[in-house]
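Inspection log for the structure reproduced underneath, given as structure tokens.
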Amino acid sequence: MVQEMSITTYSPEDTHRLGVVLGQVMSAGDVVLLSGALGAGKTTFSQGIATGLAIDEEVTSPTFTLVHEYNGRIPLIHMDLYRLYADDGTVDANRLAGLGWEDYLESEAAVLVEWPAAIAKEIPDALLIRVVRAPMPRIDERTFECKTSGPQSWRLLDEWVKKWLF
Numbered sequence: 000m001v002q003e004m005s006i007t008t009y010s011p012e013d014t015h016r017l018g019v020v021l022g023q024v025m026s027a028g029d030v031v032l033l034s035g036a037l038g039a040g041k042t043t044f045s046q047g048i049a050t051g052l053a054i055d056e057e058v059t060s061p062t063f064t065l066v067h068e069y070n071g072r073i074p075l076i077h078m079d080l081y082r083l084y085a086d087d088g089t090v091d092a093n094r095l096a097g098l099g100w101e102d103y104l105e106s107e108a109a110v111l112v113e114w115p116a117a118i119a120k121e122i123p124d125a126l127l128i129r130v131v132r133a134p135m136p137r138i139d140e141r142t143f144e145c146k147t148s149g150p151q152s153w154r155l156l157d158e159w160v161k162k163w164l165f
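For the sequence shown, counting from 1, position 55 maps to 54 in numbering that gives the first Met the number 0; every step adds exactly one.
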């Protein structure tokens, strides 16, 4: 069951609020794969998700540690795989395997993965979100291109959009 949809925000506050709404409807076992260029707004959006999950800690991108775990309404596993990519776009398979990312998917947490291309095809049911930054002069505008890959992600996208619109 595949569903595609785009949502546009017009300010960092809107981007954060969009993340808050997603966090509010997330359940244990939900997987969100978040991609986009550097500076696209992934961190602002991720911080919104954490707010929606009632996480009180400061949320930062786990670029150097690769994984952050947070406790809120449900636990959130936040991964950033950016540092696993070489300049030629290949992935350090040994470091990826050592991360134990599959174990996180089997936990009772929601999982958020930035720079997910290395594992995206291995995850049968995830909400894929690509953040696209608008060209100048619309510097604060972002489009969130969303695609589901199974029934759980379809439910997540459906609930998210309904809550965002209403």
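Even glycine gets a Cβ: it sits at the ideal position worked out from N, Cα and C.
Taking its Cβ as the centre, do 16 or more other Cβ atoms sit within 10 Å of residue i, making it buried, or is it exposed?
| i | result |
| --- | --- |
| L164 | exposed |
| E56 | exposed |
| P61 | buried |
| K120 | exposed |
| S87 | The question names Ser, but residue 87 is Asp in the sequence shown. Classification for D87: exposed. |
| S5 | exposed |
| S45 | buried |
| T50 | buried |
| T42 | buried |
Can you tell me whether DSSP reads residue i as helix, strand or coil?
| i | result |
| --- | --- |
| T50 | helix |
| E166 | Nothing about residue 166 can be reported from this structure: the residues present for the chain run from 0 to 165 only. |
| L75 | strand |
| T166 | There is no way to answer for residue 166, as the model of the chain reaches only from 0 to 165. |
| E101 | helix |
| A96 | helix |
| E107 | coil |
Quickly, what does DSSP pair residue i with across the bridge? List them, please.
| i | result |
| --- | --- |
| S34 | R129 |
| T142 | T7, V131 |
| T64 | Partner(s): none; T64 has no beta bridge. |
| V90 | Y84 |
| E113 | L33, D79 |
| Y244 | The requested residue 244 does not occur in the structure, where the chain is confined to residues 0 to 165. |
| T147 | L126 |
With distances taken Cα to Cα, identify the nearest neighbour of residue i among the options.
| i | options | result |
| --- | --- | --- |
| P115 | V90, S152, S34, A85 | S34 |
| S152 | A109, R132, K41 | A109 |
| G22 | D91, E121, R82, I73 | I73 |
| G71 | A117, V19, L37 | V19 |
| D139 | V31, M25, G28, G38 | G38 |
| G47 | M25, Y103, H15 | H15 |
| G97 | T64, T142, R129, P123 | T64 |
| L156 | V66, V30, Y9 | V30 |
| V112 | T142, S148, W100 | W100 |
The alpha helix (DSSP H) spanning residue i covers which residue range?
| i | result |
| --- | --- |
| P136 | That residue, P136, is in no alpha helix (DSSP H); it is neither H nor E in DSSP. |
| Q2 | Q2 -> no alpha helix (DSSP H), and no H or E assigned at all. |
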